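Counting in this note's numbering, the sequence shown runs from 6 upward without gaps.
C-beta: ideal position from N, C-alpha, C; glycine also.
Predicted, not measured: the structure shown is a model, and the values here were computed from it.
First up is the structure itself, then whatever we jot down about it.
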Amino acid sequence: TYNGATRWIRLWPSTLQPSEFVKLSMVIFLAYYVSRPNYRADNFLHFVIPVVIMSTFALIIIKQPDFGAAMSLVFLTLIILFLSGTKVKYITSLLLFIIPVVIKLVKEPYRLKRIYAYLNPWEDPLGSGFHLIQSFLAFGRGGITGVGLGNSRQKLAYLPESHTDFIFSIIGEEFGLIGVTLILGLFIFLFIRCISVANNSKNDLFVHYLTIGLSLMITMQALINFAVTTGLVPTKGLPLPFISYGGSSLLVNMVAIGMILRISKYKDVKQVQMNNYRVLKDRGKRSYVY
């Protein structure tokens, strides 16, 4: 339990955040589900089944409460279903159903405070707007080149959660616009490389959708974190992948990258096998692909 939210399971001598593993499990399940030979993207029942599973997990996560993780799970699921060919009217119908639910959830007092702080943080600079204002000050103090590694002032109890959700602000303060641009560029490069691996794996639908899902899981969370720290969207409790403090998030993201690397190696192995097959065939020898 932290700040009134129960999001961790105590596993001596450490803790585990289940919502991170739920996202990874959901991506693997969706990749398997939409790659089955009998899957029909235009079949409404085939659309409902993963939505029900996703909704069950999302409701459990919201009860923690962890609204940001639940919404990222919802949109991650819908994007994968959309890319698999699901009819837009099915997804639109679900969104029309979700919107009233989201509005009801947002009416919680602490969530309304976050929205008001997002719209005008200076209205309550020492209360609900304090977090975002301190983030702005961190970026402003960093300027172009930053104040130098370890010289951040905002992380010294001025900016709450400076080691987790708002670590991007500290990067902006210590390394400036140059450091921020570099981090953003690295995530864009990572996404492009992952999509390249996915495009090279179209012959295996499971591998194809798995790579897309894993890359979306990482980069979408990173973009949301960037948007939160810069005030583009209301505050969410989503860490910055590979950088924010948090063992569960780091472990899940490392597993995801490991799977993508293995998939890229699998493609290379299959290519070598086919090349060997062609060479032996040209020599007139009987050969096997192994």
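Practice task
Output the distance between the C-alpha atoms of residue 214 and residue 72, rounded to the nearest integer angstrom.
Solution key: Computed Cα separation, rounded: 26 Å.
Problem - Best match in 19, 75 and 104 for proximity to residue 243 [C-alpha to C-alpha] - result: For residue 243, the nearest C-alpha among the options comes from 75.
Exercise for the section: Quick one: grab the DSSP three-state call for residue 20. Expected result: In this structure, residue 20 counts as strand in the three-state DSSP scheme.
Practice task
Determine, using beta-carbon pairs with one atom in the stretch 151-165 and one in the stretch 112-119, whether at least three such pairs fall under 8 Å.
Solution key: They do not touch, by the three-pair rule.
Exercise for the section: Below 6 Å CB to CB, which residues in the same chain sit around residue 6 once its five sequence neighbours on both sides are set aside? Expected result: Bear in mind that the predicted position of residue 6 carries a pLDDT of just 44, short of 50, making it too unreliable to give a figure here.
Practice task
Kindly indicate which three-state DSSP category residue 168 falls into: helix, strand or coil?
Solution key: Here residue 168 sits in coil by DSSP.
Exercise for the section: Compare the C-alpha of residue 171 against each of 250, 56 and 262 and name the closest. Expected result: If we check each option's Cα against that of residue 171, 250 comes out closest.
Practice task
Can you grab the Cα-Cα spacing for the pair residue 212 / residue 223, in whole Å?
Solution key: Residue 212 and residue 223 have their C-alpha atoms spaced approximately 17 Å apart.
Handout entry: DSSP state of residue 178 mapped onto helix, strand, coil
Key = For residue 178, the secondary structure class from DSSP, reduced to helix, strand or coil, is helix.
Problem - Close-in-space but distant-in-sequence residues of the same chain around residue 289 (CB under 6 Å, 5 per side omitted) - result: Confidence at residue 289 is low in this model, with a pLDDT of 46, below 50, so its placement is unreliable and no value can be given for it.
Practice task
Measure the alpha-carbon distance for residue 188 versus residue 80 and round it to whole angstroms.
Solution key: Their Cα atoms are separated by approximately 24 Å.
Exercise for the section: Determine the burial state of residue 38: buried for a count of at least 16 other Cβ atoms within 10 Å of its Cβ, exposed for fewer. Expected result: Residue 38 is buried by the Cβ-count criterion.
Handout entry: Burial state of residue 234 (16 or more Cβ within 10 Å)
Key = If you draw a 10 Å sphere on the C-beta of residue 234, you find 16 or more other C-beta atoms in it, and that means buried.
Exercise for the section: Could you tell me the distance, in whole angstroms, from the CA atom of residue 193 to the CA atom of residue 183? Expected result: About 15 Å.
Handout entry: Residue environment, residue 115, which counts as buried when at least 16 other CB atoms sit within 10 Å
Key = Exposed.
Problem - Residues near residue 92 by beta carbon distance below 8 Å, same chain, minus five either side - result: These residues qualify, in order along the chain: 46, 47 and 52.
Exercise for the section: Decide if residue 259 is buried, meaning its Cβ has at least 16 other Cβ atoms within 10 Å, or exposed. Expected result: Residue 259 comes out exposed.
Practice task
Could you name the residues of the same chain whose beta carbon sits closer than 7 Å to that of residue 63, not counting the 5 residues immediately before and after it, in chain order?
Solution key: Short of 7 Å from the beta carbon of residue 63, and not among the five residues preceding or following it, lie these beta carbons of its own chain, in chain order: 75, 78 and 79.
Problem - C-beta contact flag for residue 220 and residue 200 at 8 Å - result: Yes, these two residues count as a Cβ contact at 8 Å.
Problem - Host alpha helix (DSSP H) of residue 75 (start-end) - result: Segment 72-88, the alpha helix (DSSP H) holding residue 75.
Handout entry: residue 230 in three-state terms, based on DSSP
Key = The answer is helix: DSSP assigns residue 230 an H, G or I state.
Exercise for the section: Out of 21, 33, 22 and 18, point me to the one whose CA is closest to residue 216's CA. Expected result: Nearest option by C-alpha distance: 33.
Problem - Distance between beta carbons of residue 110 and residue 66, contact taken as under 8 Å - result: So it is not a contact: roughly 12 Å between Cβ atoms.
Practice task
Can you tell me the Cβ-Cβ gap for residue 178 and residue 159, rounded? I've got them flagged as a contact below 8 Å.
Solution key: Right, the Cβ-Cβ distance comes to about 6 Å (below 8 Å), so this counts as a contact.
Practice task
Buried or exposed for residue 49, please, with buried defined as at least 16 other CB atoms from any protein chain shown within 10 angstroms of its CB.
Solution key: It is exposed - the Cβ of residue 49 has fewer than 16 other Cβ atoms within 10 Å.
Problem - CB contact flag (residue 232, residue 246, <8 Å) - result: Cβ atoms of residue 232 and residue 246: not closer than 8 Å.
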